[in-house]
Structures are given as structure tokens and as C-alpha cells.
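Structure, as C-alpha cells:
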Amino acid sequence: MKKRKLGQTLEVSAIGLGCMGMSHAYGGQDEATSIKTLHRAVEIGVNFFDTAEVYGPFVNEELVGKALKPYRDQVVIATKFGFRIDPSKSDSAAMSGLDSRPDHVREVAEASLKRLGVDVIDLLYQHRVDPDVPIEETVGAMADLVKEGKVKALGLSEASADIIRRAHAVHPISALQSEYSLWTRDPEGDILDTCRELGIGFVPFSPLGRGFLTGKITSTADFGDGDLRSKMPRFEADNMAANLALVKLVEEMAAQKGVTAAQLALAWVLAKEDFIVPIPGARKIPNMEQNAAAADVTLTTEEIAKLDDMLSPEKIAGARYGAAAAWTPKR
1162 MKKRKLGQTL
1172 EVSAIGLGCM
1182 GMSHAYGGQD
1192 EATSIKTLHR
1202 AVEIGVNFFD
1212 TAEVYGPFVN
1222 EELVGKALKP
1232 YRDQVVIATK
1242 FGFRIDPSKS
1252 DSAAMSGLDS
1262 RPDHVREVAE
1272 ASLKRLGVDV
1282 IDLLYQHRVD
1292 PDVPIEETVG
1302 AMADLVKEGK
1312 VKALGLSEAS
1322 ADIIRRAHAV
1332 HPISALQSEY
1342 SLWTRDPEGD
1352 ILDTCRELGI
1362 GFVPFSPLGR
1372 GFLTGKITST
1382 ADFGDGDLRS
1392 KMPRFEADNM
1402 AANLALVKLV
1412 EEMAAQKGVT
1422 AAQLALAWVL
1432 AKEDFIVPIP
1442 GARKIPNMEQ
1452 NAAAADVTLT
1462 TEEIAKLDDM
1472 LSPEKIAGAR
1482 YGAAAAWTPK
1492 R
């Protein structure tokens, strides 16, 4: 597996693995199957794994820690904090607001260390910007954890260019994690320009459009119980029908190139910048292997431009999130 840099200190596989879906948002699956997928990922060279305290909540960190314990020295584990969590509820219902107060930062980091079963968190992200807490205070508390050897590198998620700069002035930010894919282009412009200027890695979550860009989702009937996507505007019936027509074009182009739609979509993300490391989610080994193989798919300038136009933002039907969603980015 090819490697890429996140900031100045982290070297990771060009494609990582988002672990959320194994426990959260998409229905989850049994632990044994998830562990097999995580072990196989390490075997084929994936060394970058993403989780968060809110996934489950808590159980995804426990799963990732348990599965990767035999490979601890070979892998980079990232986790995230930033929500108030109601432990009596599951999945997205457990989010009861944002909380990035310095004392909370320390509290959740200590808890994540225990759940992961590690001595140090390789990459700790603020999951969402808390408008009630100055970013300088939050990152200052995160930096204290670095000084104490409990965290190696710091990250932000869904932050604006101004927030990124203010945070980076307090302590170097190694990575920004935000949604980015063929059908979500929000980071283009200021965000990616800022990351490039400051030497910050960019980690796209949902680089396959929450699975939609694979061409395998054709109706809400494909979603299991508790699947977050059933409540997202882009997956409403009329919007889905319009977006499926665009995905069909991606599938046709992929077939001409001899790759899958998923591999074409990931190759497009990788081609955008050499500091980008996507973290597609995958619960099953075949899907994970297919995604990882996209690191070897190269695109010409003409192919990139064609994809840019094929799924340009004005052609996508539906918003990313409903207006009331607790995880809606706060600037």
C-alpha cells in the first residue's frame, strides 16, 4: 500500500478505513465479522483506522482497540470527541449537543484511551467545532495531552479556514477530517488551500457518498433498521432517483476503465491532492479490499475533468444533512 503524510509526523496508508459503520449509523454487524475485516485490512497494508467516542456510543472504540491490539505498533488509530453523549441512548440519538470545554477534552481523552486499550492516541480530532468554546481553549487542552504523551497528533473535523488557522497557531494541526467526494465538494477552495498552505493533511470521510457512489444503493429498501441514511435528504425518493442517474454515468465510465465505480470515485479523491487520505467505510472484507485497491488506480487529467463535470455540485439533488441534525457542522 502506498503511503501519504498527515502533517509532519504521521505516515499512513494512502487509503484508510472508516470503522463507524461496524457499530453505528448503518445498522452495525457482529463483532467477529468486524474483527476479521480489521485484521484483513492490516494484512493488505491499510494502517490508518478511524473511530470516535460517539460511534455506538463507545462500542466502536472498544471494537477497534480489541481488534488492533495485536498490531498496535503497525497502525495509526484516530478517534474523535466533541459531543455531549447520553449513554442511555444509542447511535445518533446519543448526541445531545456539543461540548469542547477544556475539562471535557481531558475527560473524554482519558476515557478513549481506556476503551481503545492504548497508552497513546495517535490522532485526536475535535469532532465538530463548538461555537460556545473558543477554539484556542479547546486546542490548548488538546495540546496539553500531547505534552503529557497521551496524544501524538491533533486534528479538526468540519472546521472553517479561519478556525483551522486559529487552531494551528496554538498547536500544529496534522489533519482535517471533513466530508469530501464526487458528490460533496464543500472543502474545495478555502479549506483545501488552507491545508496545503499550512501543511495539514486532509482526511475525507464518506468519500463514497455514504456508499451511494458504489452504485449498490438503489432505494431506501436497501437500508437496514436504524440506518442513518434513511433520514438524509439526498436519499429521499425523488432526490435518490435524480442522483442515481448521475451514479449510472460513473458506473459506465468505471466499466470503460476496467475498475469499479467505488474505485473510480476513490481514485478521483486521491488525485485531487497528495495530502489527501480518504477513509471509506467497509464492513465486509471484499468491499474493504476493493477500496484499498483504488490506491493503484491512476486517472488522466481528462478523466478527472470529466468526473468533475459529471457530478458538479449543482447537479446533486438534496442537502447533506437535515437542518436539525446534531452533527450538522457548526462554524
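Counting from 1162, one number per residue, gives the positions in the sequence shown under our numbering. Idealized CB from N, CA, C, for every residue including glycine.
- For Glu1397, there is no enclosing alpha helix (DSSP H), since its DSSP letter is neither H nor E.
- Unbroken alpha helix (DSSP H) stretches of 4 residues or longer found wholly inside the region 1429-1481: 1446-1454 and 1462-1471, given in chain order.
- Taking a C-beta distance under 7 Å as the contact criterion, Ala1382 and Ala1478 do not qualify as a contact pair.
- Here DSSP, grouped into helix, strand and coil, assigns Leu1337 to strand.
- In summary, Ile1205 is exposed, with fewer than 16 beta-carbon neighbours lying within 10 Å of its beta-carbon over all protein chains present.
- DSSP places Arg1245 in the uninterrupted beta strand (DSSP E) bounded by Phe1244 to Ile1246.
- If you check the CB distance, Gly1385 and Met1181 do not come in under 7 Å.
- Thr1194 sits in a helix when the DSSP states are folded into three classes.
- The DSSP-derived three-state label of Val1312 is strand.
- Nearest C-alpha to Arg1289 among Ala1213, Ala1398 and Thr1461: Ala1213.
- Looking at the DSSP output, Ile1296 sits in no beta bridge, so it has no partner there.
- DSSP links Val1364 through a beta bridge to Gln1338.
- With a beta-carbon spacing of about 7 Å, Lys1418 and Leu1425 fall inside the 8 Å limit used to define contacts.
- Under the DSSP assignment, Asp1351 falls in the alpha helix (DSSP H) whose first and last residues are Asp1351 to Leu1359.
- In this structure, the straight-line span from the alpha carbon of Trp1344 to that of Pro1474 is close to 7 Å.
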